[in-house]
């Protein structure tokens, strides 16, 4: 976990505000973050005790910090804090954790471009490696285990680095020498040419580029067939147009032409995915003859007491949407039901 303060992590992953140290689940979380190189964003912003806990027991005697924000890009976070109950309260025993993130689009685009840039490749020369390995002591000398281990690993890295040489990337060779020469000519004297001559040259270049790409694709497909490699991968690497991903349906693969088509397909897919396949009959009012006995429709006092006893202690049922005005002027049988 990069630059993570151990004492702060011990405090934030403790079992409660009264029990110091880290419980088993906190230890598991810490090991997971160290293994996956994630940062616990809550630990980088100092808060007082009242702004750290995210859960309290029903009797409000114990307060726990059990909600954390994990990230592999800590530089984007400007603040992480808990929203107080005075600002946002829904009757729950949890409090929300809010993170403030600031993103600079230009800087992020530069970072993304640098990340996806072509990396330098190195090739290991086996003969040079054998020659250098014969002159290096890999025993580690004297000292404890950790010192000898550092010496051995350092010697191995030095030998491998000296025996490696940079591999220059080869040109794609998609365009022929004649086409490249025509492009260079247009770049040098294109502005001094007459409009007719420039038009003729541009047309000739377009034809040459099209033919060169066609020959390059055929050559790659032929090499894939001769070497028994993936022809599909060769086709993907040589195609000029990027096709949109299709979406499967009963008739096969298809590709909606408009973005609205994608949205409709996704909405229909998730509706069918989470919708219940069990048919439930719609509720219908019983006939008037069956509704004569009103005692069958009354809620018994014993049923109300049983429901109250089954409620968990310290749990609020939530806000009641019915106001006093709702029960002031009930009409008909509803007045008798509330009397």
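In the numbering used here, the protein residues as written are 803 to 1141. Every residue, glycine too, gets a C-beta built ideally from N, C-alpha and C.
field: For residue 825, the three-state DSSP class (helix, strand or coil)
entry: coil
task: Give the DSSP-derived three-state secondary structure of residue 903 in the structure shown.
output: strand
query: In chain order, which beta strand (DSSP E) runs of at least 3 residues are fully inside the segment 962–1001?
result: 966–969
- request: Starting from residue 755, trace the beta strand (DSSP E) both ways and give me its first and last residue.
  value: Because the chain spans 803 through 1141 in this model, residue 755 falls outside it and cannot be assessed.
task: Apply the 10 Å Cβ neighbour rule to residue 882 and answer buried if 16 or more other Cβ atoms are within range, or exposed otherwise.
output: The Cβ neighbour count for residue 882, taken over all protein chains shown within 10 Å, is at least 16; the residue is labelled buried.
message: Quick check on DSSP: helix, strand or coil for residue 872?
response: strand
Which listed residue (938, 868 and 983) has its alpha carbon closest to that of residue 746: This structure cannot speak to residue 746, because the chain is shown only from 803 to 1141.
- prompt: For the putative contact between residue 885 and residue 862, defined by C-beta atoms under 8 Å, what is the C-beta separation to the nearest angstrom?
  reply: Not quite, the Cβ-Cβ distance comes to about 18 Å (not below 8 Å), so this is no contact.
- prompt: For the candidate residues 858, 1021 and 878, whose alpha-carbon lies nearest to that of residue 894?
  reply: 858
query: Any idea if residue 880 is buried or exposed, counting beta-carbon neighbours within 10 angstroms, 16 or more meaning buried?
result: Burial call: exposed.
- prompt: Is the CB-CB distance between residue 1022 and residue 1036 below 8 Å?
  reply: A contact, by the Cβ cut-off of 8 Å.
- prompt: Less than 8 Å separating the beta-carbons of residue 981 and residue 1011?
  reply: Taking 8 Å as the Cβ cut-off, residue 981 and residue 1011 qualify as a contacting pair.
- prompt: Are residue 926 and residue 966 closer than 8 Å when you measure CB to CB?
  reply: yes
message: With three or more beta-carbon pairs closer than 8 Å as the criterion, would you say the segment 864–878 touches the segment 840–856?
response: yes
Residue 844 (DSSP reduced to helix, strand or coil): helix
- prompt: Are residue 878 and residue 916 closer than 8 Å when you measure CB to CB?
  reply: no
- request: Taking residue 1015 and residue 985 to be in contact with their CB atoms under 8 Å, please state how far apart those CB atoms are, rounded to whole angstroms.
  value: With a Cβ gap of about 14 Å, residue 1015 and residue 985 do not count as contacting.
query: Among all the DSSP beta bridges, which residues are the ones paired with residue 857?
result: 866 and 896
task: Using the Cα positions of residue 999 and residue 975, report the straight-line distance between them to the nearest angstrom.
output: 28 Å
- request: Going by CA-CA distance only, name the one from 874, 875, 936 and 854 that's closest to residue 887.
  value: 854
- request: Would you check if the distance between the CB atom of residue 1019 and the CB atom of residue 1040 is smaller than 8 Å?
  value: yes
Length of the line joining the Cα atoms of residue 850 and residue 874: Here the C-alpha atom of residue 850 lies approximately 25 Å from the C-alpha atom of residue 874.
- prompt: Around the C-beta of residue 914, are 16 or more other C-beta atoms found within 10 angstroms, so that it is buried, or is it exposed?
  reply: exposed
task: Use the C-beta contact count for residue 852: other C-beta atoms within 10 angstroms, 16 or more gives buried, fewer gives exposed.
output: Taking all protein chains in view, the Cβ of residue 852 is surrounded by fewer than 16 other Cβ atoms within 10 Å, so the residue is classified as exposed.
task: Give me the Cα-Cα distance between residue 808 and residue 1034, rounded to the nearest whole angstrom.
output: With a pLDDT of only 44 at residue 808, under 50, the local geometry of the prediction cannot be trusted, and the value read off the model is given with reservation. Distance between the alpha carbons of residue 808 and residue 1034 is about 50 Å.
task: Give me whichever residues DSSP pairs with residue 886 in a beta bridge.
output: The partner list for residue 886 (beta bridge, DSSP) is empty, contrary to what the question assumes.
message: Do residue 934 and residue 961 have their beta-carbon atoms positioned less than 8 Å apart in this structure?
response: Cβ distance < 8 Å, so residue 961 and residue 934 count as in contact.
- prompt: Within 10 angstroms of its Cβ, does residue 945 collect 16 or more other Cβ (buried), or is it exposed?
  reply: exposed
query: In chain order, what residues of the same chain have a beta carbon less than 8 Å from the beta carbon of residue 799, not counting five sequence neighbours either side?
result: Any property of residue 799 remains undetermined from this structure, which presents the chain solely from 803 to 1141.
task: Check the DSSP bridge columns for residue 946 and list the partner residues they point to.
output: Answer is none; residue 946 lacks a bridge partner.
- prompt: In whole angstroms, what separates the C-alpha of residue 938 from that of residue 957?
  reply: 7 Å
Among 922, 964 and 947, nearest to residue 932 - alpha-carbon criterion: 964
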